[in-house]
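Student: Protein chains in written order, with the working numbering: chain A, 373 to 492; chain B, 373 to 492; chain C, 373 to 492; chain D, 373 to 492.
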DNA sequence: GTGGTCTAGACCACA
DNA sequence: GTGGTCTAGACCACT
């Protein structure tokens, strides 16, 4: 994985894990790889991943069992609400920015549609 | 103006100035307030605004006349291309993020439409 | 039993056993369940319970007969002094904490009384 | 300051800062010493204090201005609710523990009163 | 000078 | 083996 220099590494890893959860690559109840293992995978220091795991637990996405490991929470709605929440934020930010440029509602829809059809 | 702690203040100010240009609140040829004046307005360290003006000049949006002040460039296409460039970036970021959550093209258009119709 | 993630599981089990002794749910001379049995009950690694039993023996609360199991000590004063010791510690900690918040002696008594009368 | 080996240093520092706030030693709006400065005071590594400041901000007790420093929040009710919250937690823990030892309401009040009068 | 992030490496308690 | 904490020291962006 290539890191974007402008965003803290630990945030990028958090995001990539969240996206894996949203897309079902890891499921509720699954054990996450150990900090050390994942640190090797991402080629970063274990401390950085320690922070990732801590933050994920703080956000109630995982839970940690001392000496055992970290697991995706088995709360049935977690995945759904995680997706909804992340989408909501991205959408709100987008709408707010694009409107501040003076785009009307119709223009917004059009510009999105063009972009999607145009491929790029 | 309230600042978002996660984004550098100078960037937030740059953005707000760019948006003012795009929306015609300040026009090509207009003189920008002095650094000191603006620093007082924004309740911010003058060093921060020093950086703002520097960056605006570096991006060819303003030019500086020694002893007189900073002015918006009178290049006719600047405003238009500034808007296009900023919009493009916002759109690309949005599309990339929302797609990573597993949204299909149709879903993206729908979710945007719903959001715009639903109001806030 | 639900474990509090911030306290070692083995300590929480030790405490719950001590409380059972204090409240007479298990009496001097009683045999404790085997480690394996208890590990299943608590859904916990047998190693963890190994440590629990070790610690209880170290504190002179139980004794072990090889091949037979672990038993609550039949020392007549053990239960009483266990209760006194645990209460003392809890009380000291409480007094020290609450005083550090600036509560006066009278306020402490009042706040406790209110809490007890007010129910939960 | 002497640290208790059983509790993480960063938590003990957080607590001591909170207590200073509750007791008015530092007031809303006050600037906290810089991380480096405080690290020297407490004779710990700056990273440890970084964590302290981060956690205080996460708990909405302080806010941070990039490149400027950390400040006690000026929310008028913060101090009061902080005190209330910390007291509540200490009291609940105490009541729960002492009750689990079989103390009745009257016994609890008495034992507290005796302890306070007895001095120790 | 201030906070934020990161690496390197260590030690510890826990399961 | 697993996560949690800590030190030492570095670099960076921001004010």
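Ideal Cβ positions, reconstructed from N, Cα and C, are used throughout, including at glycine.
What did DSSP end up calling residue 441 of chain D once you bin it into helix, strand or coil?
Tutor: In the structure shown, residue 441 of chain D sits in a strand (DSSP, three-state: E or B).
Student: So who's on the other strand from residue 374 of chain A, going by DSSP bridges?
Tutor: DSSP, once it has assigned bridges, lists no residue as partnering residue 374 of chain A.
Student: List the residues of chain A whose Cβ lies closer than 8 angstroms to the Cβ of residue 380 of chain C, in chain order.
Tutor: Correct list: 438.
Student: From residue 455 of chain B to residue 462 of chain B, what distance separates their C-alpha atoms?
Tutor: Cα to Cα, residue 455 of chain B sits roughly 11 angstroms from residue 462 of chain B.
Student: Please report whether the beta-carbon of residue 402 of chain A lies at a distance below 8 angstroms from any beta-carbon of chain B.
Tutor: Cβ-Cβ to chain B under 8 angstroms: no for residue 402 of chain A.
Student: Rounded to whole angstroms, what's the CA-CA distance from residue 433 of chain A to residue 445 of chain A? Just pull it up for me.
Tutor: Whole-angstrom Cα-Cα distance: 6 angstroms.
Student: CB-CB under 6 angstroms to residue 390 of chain B, same chain, minus the five flanking residues each way: which ones, in chain order?
Tutor: So the list is empty, once near-sequence residues are dropped.
Student: If you follow the alpha helix (DSSP H) that residue 454 of chain A is in, where does it begin and where does it stop?
Tutor: It spans 450-472 - the alpha helix (DSSP H) in which residue 454 of chain A sits, taken as one unbroken run.
Student: At what residues does the alpha helix (DSSP H) containing residue 396 of chain C begin and finish?
Tutor: No alpha helix (DSSP H) holds residue 396 of chain C; DSSP gives it neither H nor E.
Student: Work out the CA separation of residue 486 of chain C and residue 493 of chain C for me, nearest whole Å.
Tutor: With chain C represented from 373 up to 492, any question about residue 493 of chain C goes unanswered, as that position is not in the structure.
Student: Are the C-beta atoms of residue 413 of chain B and some chain D residue less than 8 angstroms apart?
Tutor: So no, residue 413 of chain B is outside the interface.
Student: Contact defined as beta carbons within less than 8 angstroms: I believe residue 458 of chain D pairs with residue 473 of chain C. What is the distance between those atoms, to the nearest angstrom?
Tutor: 6 angstroms between Cβ atoms; contact.
Student: Quick one, are the C-beta atoms of residue 393 of chain D and residue 424 of chain D less than 8 angstroms apart?
Tutor: Result no, Cβ atoms of residue 393 of chain D and residue 424 of chain D do not sit closer than 8 angstroms.
Student: Can you tell me whether residue 415 of chain B is helix, strand or coil according to DSSP?
Tutor: Correct three-state label for residue 415 of chain B: coil.
Student: To the nearest whole angstrom, what separates the beta carbons of residue 418 of chain B and residue 430 of chain B, a pair I think is in contact under 8 angstroms?
Tutor: Wrong, their Cβ atoms sit about 18 angstroms apart, outside the cutoff.
Student: In terms of residue numbering, what span does the alpha helix (DSSP H) encompassing residue 477 of chain C cover?
Tutor: Counting along the chain, the alpha helix (DSSP H) containing residue 477 of chain C begins and ends at 477-489.
Student: Does the beta carbon of residue 487 of chain B sit closer than 8 angstroms to a beta carbon anywhere in chain A?
Tutor: Yes - at least one Cβ of chain A is within 8 angstroms of the one on residue 487 of chain B.
Student: For residue 382 of chain B, is the classification buried or exposed, using 16 other Cβ atoms within 10 angstroms of its Cβ as the cut-off for buried?
Tutor: Classification for residue 382 of chain B: buried.
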